[in-house]
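Start counting the sequence shown at 2; every next residue gets the next number (this note's numbering).
Every residue gets a Cβ at the ideal spot worked out from N, C-alpha and C, and that includes glycine.
In this text, all values refer to a predicted model and were calculated from it rather than measured experimentally.
Since the structure comes first, as structure tokens, the remarks are kept for the end.
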Amino acid sequence: MDKNNIIKRCQNDYNLISNTTTKKGLKIEATLDRNEYEKGIKVSDKELEEINIKFNKKNPKWNYTINQSKKRKNK
């Protein structure tokens with residue numbers, strides 16, 4: 002898949018996600034990030050400890066929640 006097709010697919014996914022609502026009023030907010038990022042960057046154990054991340058027990062590789070960083074909460 003070339004870069005243009007990936008961008009179109011991401012834009013389509015963004016449109017679907019950002020227009021999602023529920024009967025009880027939940028609205029999803031999404032932002033399409035068009036920045037390019039370097040692949041293969043390793044994160045140290047110390048850096049990982051600074052991220053407020055909780056891994057799902059059933060499938061931790063794919064399901065996790067990242068909350069406000071521990072450092073920023075204390076400020």
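### DSSP bridge partner residues for Asn64 (one or two, in chain order)
In the DSSP output, where bridge partners are listed per residue, Asn64 has none listed.
### Own chain residues within Cβ distance below 8 angstroms of Leu33, not counting five before or after
Cys11, Gln12 and Tyr15
### Query
Helix, strand or coil: how does DSSP classify Asn53 here?
strand
### Query
In terms of residues, what are the limits of the alpha helix (DSSP H) holding Gln12?
Lys4 to Ser19
#### Entry: Lys58 versus Tyr65: straight-line alpha-carbon distance, rounded
9 angstroms
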